[in-house]
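Residue numbers (our numbering): 461 to 659. Where is the CB? At the ideal position from N, CA and C, for every residue including glycine.
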Amino acid sequence: SHTSITSGANGLGLISYYEPSNGALQVAHCSNAASTAATTATLDSPGDVGSYTSITIGADGLGLIRYFDQTNEDLKVAHCSNAACTEATITTLDSAGYVGSHTSITTGADGLGLISYYDPTNGALKVAHCSNAACTEATITTLDSPGDVGSYTSINIGADGLGLISYFDQTNEDLKVAHCSNAACTDATITTVDSAGSV
461 SHTSITSGAN GLGLISYYEP SNGALQVAHC SNAASTAATT ATLDSPGDVG
511 SYTSITIGAD GLGLIRYFDQ TNEDLKVAHC SNAACTEATI TTLDSAGYVG
561 SHTSITTGAD GLGLISYYDP TNGALKVAHC SNAACTEATI TTLDSPGDVG
611 SYTSINIGAD GLGLISYFDQ TNEDLKVAHC SNAACTDATI TTVDSAGSV
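Below, the structure is given as structure tokens:
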């Protein structure tokens, strides 16, 4: 469950997913274009880790996976060590309270990871801009609060090279979007896109 897919630099599918039976973060690297076979690996365990996965390919051509550590209630990232992602460097990016669910990741115009996620502790939309390809460090910014906002996030890079994040405003039951003002998304313009009922 909690799956995400991208195409690697080799043109083959790379899939991150959660294995509830072992509470683990798993990855599958397709062996062919049709993905009729794949190599699988466990990247993070034990405990309950790996939910809310989202995967992208960084400027270095390797997979970067964002996920939630349920045991420690943290935002974590796994940087693949090879194209098949049989091994990875694991980093905790945000551990301030209960953070990191409802996440999405993309690669910015600067080649670095840009992650949107929900902070249930503060009911806020947050973003993390990776400081390096492995995302061992990041600049973390709260883009929208107060109230209960930021769940069900999805992030992409627009034609202007800046991040665009869609998310749910639980307090007002609205669809909102945040348009990043810079590559690190330390500031953003917030717009309500749909407010007709609970949307």
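| field | According to DSSP, residues forming a beta bridge with Asp486 | value | Strictly speaking, residue 486 in this sequence is Gln, with Asp absent from that position. Answer is Tyr477 and Thr502.
| task | Within the same chain, show all residues whose beta-carbon is closer than 6 Å to that of Ser561, passing over the 5 residues directly before and after it, in chain order. | result | Tyr512, Phe528 and Tyr578
| query | Whose C-beta lies closer than 8 Å to the C-beta of Ser541 among residues of the same chain, with five residues either side of it excluded? | reply | Leu522, Glu547, Ala548 and Thr549
| said: With H, G and I counted as helix, E and B as strand and the rest as coil, what does DSSP make of Ser467? | reply: strand
| message | Please report the straight-line C-alpha distance between Leu624 and Ile465, rounded to a whole angstrom. | response | 19 Å
| query | At a cut of 8 Å, does the segment 598 to 607 reach the segment 581 to 588 through at least three beta carbon pairs? | reply | yes
| Since Asn616 is in the beta strand (DSSP E), which residue starts that stretch and which ends it? | Val609 to Ile617
| message | Measuring straight from C-alpha to C-alpha, what distance separates Thr552 and Cys590? | response | 12 Å
| query | Sorted by chain position, which residues of the same chain lie with C-beta nearer than 7 Å to Gly473's C-beta, five sequence neighbours on each side aside? | reply | Ile465, Ser467, Cys490 and Ser495
| query | From Thr613 to Ile575, what does the alpha carbon distance come to, in whole angstroms? | reply | 10 Å
| Residue from Ser641, Val537, Asn470 and Ala638 whose Cα sits closest to the Cα of Ala493 | Asn470
| Own chain residues within Cβ distance below 7 Å of Ala644, not counting five before or after | His589 and Thr599
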